[in-house]
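Input: a single structure, listed below in structure tokens.
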Amino acid sequence: MCGIVGYIGREDAAPILLKGLKKLEYRGYDSAGIAILGAGGLTVRKSRGGIKNLEEKIEAELANGTLAASIGIGHTRWATHGEPSDINAHPHTDLSGNIAVVHNGIIENYARLKAWLQKHGVVFRSETDTEAVAHLIDLHYNGDLLQAVMESLIRLEGSYALAVVSRDDPDRIIAVRKESPLVIGKGDGENFIASDVPALLEYTRDVYYLLDREIAVLYRDKVEFYDGDGRRIEKNIAHVDWDAGAAEKDGYEHFMIKEINEQPKALTSALRARIQADAGQDAQGGVPVKAVNLEEIGFDSSWAQANRVVITACGTAWHAAVIGKYAFERYSRISADVDIASEYRYRNPICNPQDIFIIISQSGETADTLAAMRMAKESGSRVIAITNVVGSTLAREADLVMYTWAGPEIAVASTKAFTTQLMCLYLIALQFGVLRGVLSGDELAKSIKALEEVSGQAEKILKDKETIQRFAARHFTKSKVFFMGRLFDYAVSLESALKLKEISYTHSEAFAAGELKHGPIALVDESTLVVAICTQTVLFEKMDSNIKEVKARGASTLVITYDDVNYFDQSADEIFRIPRLPDGLSPMLSIIPCQLYAYYCAVQRGLDPDKPRNLAKSVTVE
Ligand code: M6R
Numbered sequence: 083m084c085g086i087v088g089y090i091g092r093e094d095a096a097p098i099l100l101k102g103l104k105k106l107e108y109r110g111y112d113s114a115g116i117a118i119l120g121a122g123g124l125t126v127r128k129s130r131g132g133i134k135n136l137e138e139k140i141e142a143e144l145a146n147g148t149l150a151a152s153i154g155i156g157h158t159r160w161a162t163h164g165e166p167s168d169i170n171a172h173p174h175t176d177l178s179g180n181i182a183v184v185h186n187g188i189i190e191n192y193a194r195l196k197a198w199l200q201k202h203g204v205v206f207r208s209e210t211d212t213e214a215v216a217h218l219i220d221l222h223y224n225g226d227l228l229q230a231v232m233e234s235l236i237r238l239e240g241s242y243a244l245a246v247v248s249r250d251d252p253d254r255i256i257a258v259r260k261e262s263p264l265v266i267g268k269g270d271g272e273n274f275i276a277s278d279v280p281a282l283l284e285y286t287r288d289v290y291y292l293l294d295r296e297i298a299v300l301y302r303d304k305v306e307f308y309d310g311d312g313r314r315i316e317k318n319i320a321h322v323d324w325d326a327g328a329a330e331k332d333g334y335e336h337f338m339i340k341e342i343n344e345q346p347k348a349l350t351s352a353l354r355a356r357i358q359a360d361a362g363q364d365a366q367g368g369v370p371v372k373a374v375n376l377e378e379i380g381f382d383s384s385w386a387q388a389n390r391v392v393i394t395a396c397g398t399a400w401h402a403a404v405i406g407k408y409a410f411e412r413y414s415r416i417s418a419d420v421d422i423a424s425e426y427r428y429r430n431p432i433c434n435p436q437d438i439f440i441i442i443s444q445s446g447e448t449a450d451t452l453a454a455m456r457m458a459k460e461s462g463s464r465v466i467a468i469t470n471v472v473g474s475t476l477a478r479e480a481d482l483v484m485y486t487w488a489g490p491e492i493a494v495a496s497t498k499a500f501t502t503q504l505m506c507l508y509l510i511a512l513q514f515g516v517l518r519g520v521l522s523g524d525e526l527a528k529s530i531k532a533l534e535e536v537s538g539q540a541e542k543i544l545k546d547k548e549t550i551q552r553f554a555a556r557h558f559t560k561s562k563v564f565f566m567g568r569l570f571d572y573a574v575s576l577e578s579a580l581k582l583k584e585i586s587y588t589h590s591e592a593f594a595a596g597e598l599k600h601g602p603i604a605l606v607d608e609s610t611l612v613v614a615i616c617t618q619t620v621l622f623e624k625m626d627s628n629i630k631e632v633k634a635r636g637a638s639t640l641v642i643t644y645d646d647v648n649y650f651d652q653s654a655d656e657i658f659r660i661p662r663l664p665d666g667l668s669p670m671l672s673i674i675p676c677q678l679y680a681y682y683c684a685v686q687r688g689l690d691p692d693k694p695r696n697l698a699k700s701v702t703v704e
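First residue of the sequence shown? That's 83 in the numbering used here, and the numbers climb one at a time after it.
Encoded structure:
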């Protein structure tokens with residue numbers, strides 16, 4: 083949940099570390115710190131608050147050269163053990179100040195370790211689990227930092243990405259990971275570590291992805307790798323082809339609005355190369371027929387033998403999963419279950435090797451999602467991962483990987499990841515339907531055509547964003563906002579309510595519209611805004627009744643429906659129209675005005691949508 087960086091080379095380390103940390107601030111921003119090894123030995127500087135606070139604190143030292151050094155590590159924190167404070171900020175050191183450690187993850191046996199270390203005379207200064215690691219390494223230190231780290235790792239339980247430096251070993255950084263992400267960047271006469279690729283892009287595209295328990299030892303001119311048993315190993319370099327601008331704001335005020343606007347491009351990337359233009363000719367002959375082609379990800383007919391599809395994820399990705407369930411039922415007529423990963427892992431689910439799991443995670447590093455995937459694999463089921471991050475743990479451990487190709491998503495609130503996850507789910511569901519022989523040629527052709535048009539339609543919605551901006555300006559003070567819909571529209575309501583609450587702190591809820599009369603309507607009064615998502619023609623009449631019911635209780639209403647629909651003209655206070663799509667595919671478009679609404683409400687409320695309180699982008703701990 084935190085971000086870590088490291089640098090060893092010939093340049094001044096501190097500015098490079100600070101820049102890297104800024105790129106990782108989405109992972110946590112309640113405190114930050116750096117440790118550098120220079121002429122003055124090991125120097126640690128840390129501060130409560132974002133990187134800006136740290137920068138201000140060390141501004142003078144940076145200017146007068148006191149912090150000059152060519153090796154260092156850094157950390158931006160999302161607090162788990164101990165409140166955000168200067169003391170609890172990383173790096174943490176041993177008692178003598180010889181060894182400094184930054185850590186992302188949770189040391190689960192930390193209480194036991196702490197008690198043991200205290201018996202050995204260690205006095206703890208912070209409330210963090212990480213401090214125990216620094217003391218432990220010190221206790222094992224016998225002149226060889228690598229050896230000390232290796233011996234300490236044997237005693238650590240839980241998840242960690244660690245970077246360690248020592249005053250007595252000033253020409254290398256030791257880095258290791260288990261269940262928390264860590265990437266090594268290879269430069270020319272310099273090497274880097276980071277929790278995520280965007281922190282490296284300015285310096286290098288050549289990276290090594292560490293596997294669980296692997297150790298990297300970074301020198302200026304080389305990187306050595308060791309497996310969990312301490313044996314030297316060789317690792318292959320991967321090349322990242324994101325352009326550096328992809329991880330920048332590019333003139334936008336926030337990453338979130340940039341990423342909302344990137345959806346047309348992202349949707350095209352998710353679809354590209356997965357449609358085969360000349361898959362045959364139609365029955366009349368002559369007209370080429372298109373098909374879904376998932377050979378690229380290794381999806382063949384054996385996958386369609388499944389008895390059941392289980393889709394598991396957290397947060398926004400879980401909302402995509404709910405839509406996936408409906409899509410599988412509609413297009414492939416296969417039984418589909420959907421589970422919140424954090425729930426799934428603690429129940430006693432019934433699954434068998436004939437089930438197929440689809441595990442969705444933008445980051446590919448969400449702890450609960452990974453645990454659910456591992457359970458699925460243990461039960462003998464095959465797993466398809468839908469993820470945005472190449473080389474992520476999910477991508478590495480799944481049987482098949484379908485990348486969303488959305489480009490880096492930096493904002494905490496997930497937007498383009500969601501719509502591209504949907505695109506991937508629709509493609510798999512359609513292909514399942516074809517392979518199972520339940521999808522007619524007509525419906526396939528209609529659906530493919532629609533998928534190909536989605537990007538342009540998303541663009542059209544975005545051109546009309548001022549309409550939503552004005553709407554937000556009128557309603558951002560509303561204390562309660564409810565989103566309602568049925569089936570696909572209900573799932574979009576869930577995602578819309580999450581977006582609004584996480585960045586604007588507005589109390590928002592989603593209801594399956596048919597449930598309104600079973601309780602939620604008691605909450606509706608003049609202070610309520612109800613957004614009704616109405617994109618399924620057969621349900622228009624039902625939705626219209628629900629809209630009238632909430633209006634009768636004083637709510638203001640906004641309806642999101644197609645641009646050729648007048649059904650709600652009498653009942654809705656306001657209507658936002660989106661281009662028409664076959665009903666089941668509409669979530670890729672109907673979510674966009676809701677994302678925009680959440681964004682503009684946050685801005686109207688004077689909040690930073692990229693840094694919502696208490697949240698971090700990747701939940702790599704439980
Ligand atoms: O990286 P993941 O897709 O696994 O992340 C899952 C959730 O943590 C994430 O979607 C979260 O709910 C977002 N903040 C929602 O905007």
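C-beta: ideal position from N, C-alpha, C; glycine also.
Remember, it's a predicted structure, so these values are computed and weren't measured experimentally.
Member of the options whose CA lies at the smallest distance from the CA of residue i
i: M670; options: A540, E141 and L605; result: A540
i: W487; options: R478, A493, K498 and D481; result: K498
i: L689; options: I315, L569, S586 and I405; result: S586
i: T617; options: L349, R635, L667 and K304; result: L667
i: D571; options: C676, R314, A373 and I255; result: C676
i: A245; options: P661, V184, D220 and L697; result: V184
i: E584; options: V612, Q503, Y682 and L228; result: Y682
i: E296; options: R259, N273 and T398; result: R259
i: K134; options: S113, A511, I153 and T148; result: S113
i: H600; options: W324, V641 and N628; result: N628
i: L517; options: M338, E141, W385 and S638; result: W385
i: G538; options: I181, L283 and I660; result: I660
i: S383; options: K531, I674, I510 and K547; result: I510
i: L621; options: E608, A604 and L569; result: L569
i: R390; options: P435, E377 and N375; result: P435
Proximity of residue i and residue j at Cβ, strictly below 8 Å
i: F500; j: E447; result: no
i: S167; j: R207; result: no
i: L533; j: Y508; result: yes
i: T702; j: N186; result: yes
i: E656; j: L640; result: yes
i: T588; j: V563; result: yes
i: P490; j: P280; result: yes
i: A95; j: S152; result: yes
i: A352; j: I492; result: no
Beta-bridge pairing of residue i - partner residues as DSSP gives them
i: I543; result: DSSP, once it has assigned bridges, lists no residue as partnering I543.
i: L640; result: V613 and E656
i: R354; result: R354 pairs with nothing; no bridge assigned.
i: L119; result: L124
i: K260; result: Y242
i: F564; result: E591 and V612
i: L300; result: I255 and V305
i: K268; result: N273
Closer than 7 Å: residue i CB and nearest ligand 1 heavy atom
i: L42; result: In the structure displayed, the chain extends from 83 to 704; residue 42 sits before or after that span and is not available.
i: E138; result: no
i: E584; result: yes
i: C683; result: no
i: C506; result: no
i: V265; result: no
i: Q444; result: yes
i: A499; result: yes
i: L78; result: This structure cannot speak to residue 78, because the chain is shown only from 83 to 704.
i: S178; result: no
i: C676; result: no
i: V632; result: no
i: G397; result: yes
i: S496; result: yes
i: T49; result: The structure shown has nothing for residue 49, since the chain only spans 83 to 704.
i: T627; result: Looking at the sequence shown, residue 627 is not Thr but Ser. Because no heavy atom of ligand 1 lies under 7 Å away, the Cβ of S627 does not count as near it: no.
Cβ neighbour criterion (16 or more within 10 Å) applied to residue i
i: G132; result: buried
i: Y428; result: exposed
i: G333; result: exposed
i: A373; result: buried
i: D420; result: Note on identity: in this sequence residue 420 is Val, with Asp being the wrong assignment. The residue is buried, with at least 16 neighbouring Cβ atoms inside 10 Å.
i: V205; result: exposed
i: Q513; result: buried
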